[in-house]
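Residue numbers (UniProt numbering): 1 to 151. Even for Gly, the Cβ is constructed at its ideal location relative to N, Cα and C. These notes are about the structure you will find just below.
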Amino acid sequence: MTARSRDHALPQLADFPFRLADNVRFADLDPNNHVNNAVYASYFETGRVTLMKDPNHGLIPPGLSWVLVRLDIHFRSELHWPGKIELGLGLVKLGRTSTHFDQVVFSEGVCVASARAVTVLVDETSRKPAPLTEQIIANLAPWWRRGVEHD
1 MTARSRDHAL PQLADFPFRL ADNVRFADLD PNNHVNNAVY ASYFETGRVT LMKDPNHGLI
61 PPGLSWVLVR LDIHFRSELH WPGKIELGLG LVKLGRTSTH FDQVVFSEGV CVASARAVTV
121 LVDETSRKPA PLTEQIIANL APWWRRGVEH D
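In structure tokens, the structure reads:
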């Protein structure tokens, strides 16, 4: 018997402090009549962008922006139209210039997809990575995924 990796552990929506409701659109379907795999990247983008670009959260100082550098998706179950989905996002790691988020898509209480997204803060003029500021780190504090140890 082999041990299951953390990637195969079933995520719980309650572990993700940032949540957002959305709808499955008819246009999301592929010829197999389920949500196309490429659409999940858009679902995950919606979750990240909604959090990061909300000026109330203070996560984008003037002159800086976030760039997605990695997105690893685990497809767990088919998703169909019509339907409602719940998106969850939780911070799991901070780098010098980067954030690592775990993200999930739930439908009817079932996790249909999960992902790890890595974003890098960049200077809008030079397009080079910029160190996370103390203020950004403080503003990210509410978004740590439950159960993740951090400093």
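By the DSSP assignment, the beta strand (DSSP E) with residue i in it spans what residues?
{"i": "Asn23", "result": "Phe18 to Val24"}
{"i": "Thr99", "result": "Ser98 to Ser107"}
Who pairs with residue i in a beta bridge, going by DSSP?
{"i": "Pro129", "result": "Val122"}
{"i": "Glu86", "result": "Ala21 and Phe106"}
{"i": "residue 152", "result": "With the chain covering only 1 through 151, there is no way to say anything about residue 152."}
May I ask which residues mark the beginning and end of the alpha helix (DSSP H) holding residue i?
{"i": "Leu13", "result": "Where Leu13 is concerned, there is no enclosing alpha helix (DSSP H), given that its DSSP letter is neither H nor E."}
{"i": "Asn32", "result": "Where Asn32 is concerned, there is no enclosing alpha helix (DSSP H), given that its DSSP letter is neither H nor E."}
Excluding the 5 residues flanking residue i on each side, which residues of the same chain have their C-beta closer than 8 Å to its C-beta?
{"i": "residue 162", "result": "Any property of residue 162 remains undetermined from this structure, which presents the chain solely from 1 to 151."}
Residues in the same chain with beta-carbon distance under 7 Å from residue i, minus the five sequence neighbours each way, listed in chain order, please.
{"i": "Arg76", "result": "Cys111, Val112, Ala113 and Ser114"}
{"i": "Asp15", "result": "Gly90, Arg145, Arg146 and Gly147"}
{"i": "His150", "result": "Trp144"}
{"i": "Ala3", "result": "For Ala3, the pLDDT reaches just 38, beneath the cut-off of 50, and the residue's location in the model is therefore unreliable, although a value from the coordinates is still provided. Correct list: empty, nothing qualifies."}
{"i": "Leu71", "result": "Ala41, Phe44, Ala115 and Ala117"}
Out of the options, which one is the CA nearest neighbour of residue i?
{"i": "Pro31", "options": "Asp123, Gln103, Lys128 and Trp81", "result": "Trp81"}
{"i": "Leu68", "options": "Val49, Pro61, Asp54 and Pro62", "result": "Val49"}
{"i": "Ala141", "options": "Asp28, Ala27, His34 and Leu59", "result": "Leu59"}
Excluding five sequence neighbours on each side, which residues of the same chain lie with their C-beta closer than 6 Å to the C-beta of residue i?
{"i": "Ala9", "result": "none"}
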